[in-house]
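Engineer:
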Amino acid sequence: PNTISLGLQGQYGAMRGSSGLADGFDQGPGYALRFRYMLSRAAALGFSFEHQRFGSIQPPLNIPGPVVQFADSHVVVTTISAEAVFYRHRERELHPYFLVGFGYASPDVIYTPEIASRVNEGAFLTAGIGFERFFRPRISIDGSVRAYGQIANSEFTSIGEVSLGIHLYPGD
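In the numbering used here, each residue carries its 1-based index in the sequence shown increased by 9.
(1) Would you give the residue range spanned by the beta strand (DSSP E) that residue 151 belongs to?
(2) Measuring only the C-alpha atoms, how far is residue 171 from residue 122?
(3) Do you know whose CA, among 48, 112 and 87, lies nearest residue 39's CA?
(4) Give the straight-line distance between the Cα atoms of residue 27 and residue 180, rounded to the nearest whole angstrom.
(5) CA-CA distance, residue 118 and residue 147?
(6) On the DSSP bridge assignment, give the partners of residue 41 in chain order.
(7) Which value, in whole angstroms, describes the spacing of the CA atoms of residue 93 and residue 43?
(8) With 16 other CB atoms within 10 Å as the buried threshold, where does residue 153 fall?
(9) Would you identify the three-state DSSP class for residue 112, choosing helix, strand or coil?
(10) Tell me the DSSP bridge mates of residue 83?
(11) Using a Cβ cut-off of 8 angstroms (strictly closer), state whether residue 122 contacts chain B.
(12) Tell me which residues share the same chain as residue 132 and place their Cβ nearer than 6 angstroms to its Cβ, disregarding the 5 neighbours each side in the sequence.
(13) So, is residue 176 buried or exposed, given that buried needs 16 or more other C-beta atoms within 10 angstroms?
(14) Can you tell me whether residue 109 is buried or exposed, with buried defined as 16 or more other CB within 10 angstroms of its CB?
(15) Decide if the segment 126-143 is in contact with the segment 47-54; the criterion is three or more beta carbon pairs, one per stretch, under 8 angstroms apart.
(16) Using DSSP bridges, identify the partner residues of residue 138.
(17) Which term fits residue 100, buried or exposed, when burial requires 16 or more other beta carbons within 10 angstroms of its beta carbon?
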């Protein structure tokens, strides 16, 4: 208990749902910074900051005319979330866990480097499963599969992600 960990993870995600975002974008890479505060041997309070990029389903187009129109190039979803992490079997070498949480997402559709638009911004729920394995006394490998669900502007967007990275447990 009372231990802090700092994590960095690479991830890959896919977007689905009935929203305009899910209609125009599909999958892509991202990264996450994760902080956990151990409340007990079996539970932690986590905070995650994520930056996830999703590519366009169709190639971007620049259609000249009286009004210049751009097809969606890509979307960048920036999130912040709070999570309850519940560990199982901490006595084993591989520590499985599950998590539930909530957060806030800010998707930005990037049309060109100079033109962007924020869409479907709002709160979301998250849940997932993962594992942690220490390979040094204060360094662990952490992998997880997470799902996110958001309803904004009466549209549903779901995101699934697979993450893998390291967690550092700074000493006293």
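By construction, the Cβ of each residue, glycine as well, lies at the ideal position given by its N, Cα and C atoms. These numbers were taken from a predicted model, which means no experiment stands behind them.
Structural biologist: Let's see:
(1) Unbroken beta strand (DSSP E) run through residue 151: 148-161.
(2) 28 angstroms
(3) 87
(4) 46 angstroms
(5) Taking C-alpha positions only, residue 118 is separated from residue 147 by approximately 39 angstroms.
(6) 18 and 59
(7) Taking the straight line from one Cα to the other gives about 12 angstroms.
(8) buried
(9) strand
(10) 64 and 119
(11) Here there is only one protein chain, and chain B is not present.
(12) 113
(13) buried
(14) Classification of residue 109: exposed, given that the 10 Å Cβ count is below 16.
(15) Touching, no.
(16) 107 and 154
(17) exposed
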